[in-house]
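Beneath this line is the structure, given in structure tokens, with notes to follow.
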Amino acid sequence: MDCITGLVPGGKANFNSCFIIVDRFSKSMRCLQCYKEDTPMDTALLFSNNIISTRAVPKIILSNRDPKRTSEFWTNLYDMLGTKHAFSTAYHPQTDGLAARMIQKMKDILRRFCDYGMEYNNHEGYTHDWVNLLPAVQLAYNTSQHSTTGKTPALVEKGWNSLFPVDHLKKNVLPIHPTANDFHEIWNRACDTAVKCIAEVKEYDKLRSYKSHTWNLTLGKMTKY
Numbered sequence: 001m002d003c004i005t006g007l008v009p010g011g012k013a014n015f016n017s018c019f020i021i022v023d024r025f026s027k028s029m030r031c032l033q034c035y036k037e038d039t040p041m042d043t044a045l046l047f048s049n050n051i052i053s054t055r056a057v058p059k060i061i062l063s064n065r066d067p068k069r070t071s072e073f074w075t076n077l078y079d080m081l082g083t084k085h086a087f088s089t090a091y092h093p094q095t096d097g098l099a100a101r102m103i104q105k106m107k108d109i110l111r112r113f114c115d116y117g118m119e120y121n122n123h124e125g126y127t128h129d130w131v132n133l134l135p136a137v138q139l140a141y142n143t144s145q146h147s148t149t150g151k152t153p154a155l156v157e158k159g160w161n162s163l164f165p166v167d168h169l170k171k172n173v174l175p176i177h178p179t180a181n182d183f184h185e186i187w188n189r190a191c192d193t194a195v196k197c198i199a200e201v202k203e204y205d206k207l208r209s210y211k212s213h214t215w216n217l218t219l220g221k222m223t224k225y
């Protein structure tokens with residue numbers, strides 16, 4: 001788990017950060033709006049209300065050395081829950097490098113999504129921004145094929161793939177209520193943008209992986225026999 005900070009304040013509550021949790025087995029992701037100023041207790045409540053309540057207590061939690069997750073409060077809480085805390089730093093090479101890269105990938109996706117500056121106003125004057133549309137990223141990521149498993153996180157976790165709003169669209173239904181039509185259109189745009197962000201990050205990762213390889217070629221003289 002990790003946190004993205006420095007986001008443009010959004011939503012009625014002016015959230016400015018995003019808390020990311022990735023499941024190591026299924027690769028499924030949860031992204032929760034939060035504040036950079038959140039205390040360790042605030043983070044613990046987010047985790048318990050959204051993760052422990054639906055997935056039970058994890059055996060291992062991998063995070064960076066953010067003071068909010070290395071505080072005495074969290075350290076004692078890990079001990080009482082029986083959860084091992086591993087750090088994704090150079091000082092702890094025993095941690096799962098793949099998990100750390102997954103978190104970084106999620107941060108890249110979410111930051112791209114938030115940087116698109118999406119803000120829509122419906123017929124009733126309600127504003128939809130990255131905070132309201134964050135679930136679209138979660139849906140798009142969890143229904144996209146993961147390179148490690150060859151399957152979508154949703155399929156691994158639940159046994160079936162979740163559907164996008166457009167998958168339920170009925171062509172013969174007239175958009176009678178303008179706000180309902182707005183909601184549907186906004187969600188579809190958000191999902192399309194999320195899919196685009198995921199594709200961009202995947203392509204960037206491929207290029208970065210290719211450039212990181214060093215090719216050493218030894219050229220010798222041709223010899224006649």
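Its first residue numbered 1, the sequence shown is counted upward by one per residue in UniProt numbering.
We put the CB at the ideal spot given by N, CA and C, even for glycine.
Excluding sequence positions up to five away, which residues of its chain have a Cβ less than 8 angstroms from the Cβ of residue i?
i: Thr127; result: Glu119, Tyr120, Asn121
i: Val195; result: Ala140, Ser144
In chain order, what residues of the same chain lie with their CB nearer than 7 angstroms to the CB of residue i, ignoring the 5 residues before and after it?
i: Ser144; result: Thr152, Ile198
i: Pro178; result: His123
Which two residues bound the contiguous beta strand (DSSP E) that contains residue i?
i: Arg30; result: 29-34
i: Leu19; result: According to the sequence provided, residue 19 is Phe. The question's Leu does not apply to it. It spans 17-22 - the beta strand (DSSP E) in which Phe19 sits, taken as one unbroken run.
i: Leu62; result: 60-63
Among the options, which has the Cα closest to the Cα of residue i?
i: Tyr35; options: Leu110, His85, Gly10; result: Gly10
i: Cys114; options: Arg101, Gln138, Glu124; result: Gln138
i: Phe164; options: Met102, Ser17, Met106, His184; result: His184
i: Cys31; options: Thr39, Phe87, Cys18, Arg24; result: Cys18
i: residue 226; options: Val22, Thr193, Lys12, Leu207; result: A query on residue 226 cannot be resolved here, the shown segment of the chain reaching from 1 to 225 and no further.
i: Asn142; options: Trp130, Glu157, Val131; result: Glu157
i: His85; options: Asp192, Thr5, Met1, Arg111; result: Met1
i: Ile61; options: Ile20, Asp42, Tyr204, Tyr116; result: Ile20
i: Ser63; options: Ser48, Ser88, Ile52, Asn76; result: Ser88
Spatial neighbours of residue i within its chain, please: CB distance less than 6 angstroms, with the 5 preceding and 5 following residues excluded, ordered by chain position.
i: Pro93; result: Low local confidence applies: a pLDDT of 47 at Pro93 is under 50, so the model's placement there is unreliable, with the coordinate-based value given in what follows. Correct list: empty, nothing qualifies.
i: Ala190; result: Leu133, Ala136
i: Lys27; result: His146, Pro153
Assuming residue i is part of the alpha helix (DSSP H), what are its boundary residues?
i: Val8; result: Neither: Val8 is in no alpha helix (DSSP H) and is coded neither H nor E.
i: Leu155; result: 153-158
i: Pro175; result: Per DSSP, Pro175 belongs to no alpha helix (DSSP H) and is neither H nor E.
i: Asp42; result: 40-47
i: Thr70; result: 67-70
Quick test of your reading: residue i and residue j, contact by CB under 8 angstroms. State the CB separation rounded to the nearest angstrom.
i: Ser162; j: Ala154; result: 5 angstroms
i: Gln33; j: Val173; result: Between Val173 and Gln33 the Cβ distance is about 32 angstroms, and since that is not below 8 angstroms, they are no contact.
i: Asn14; j: Leu7; result: Not really, about 10 angstroms apart at Cβ, beyond 8 angstroms.
i: Pro40; j: Lys12; result: Not a contact, Cβ separation roughly 25 angstroms.
Quick one: does residue i have its CB under 7 angstroms from some CB of chain B?
i: Asp38; result: Absent from the structure is chain B; it holds one protein chain and no more.
Could you give the uninterrupted runs of the beta strand (DSSP E) lying entirely in the stretch 78-138, keeping only those of 3 residues or more?
-> 84-87
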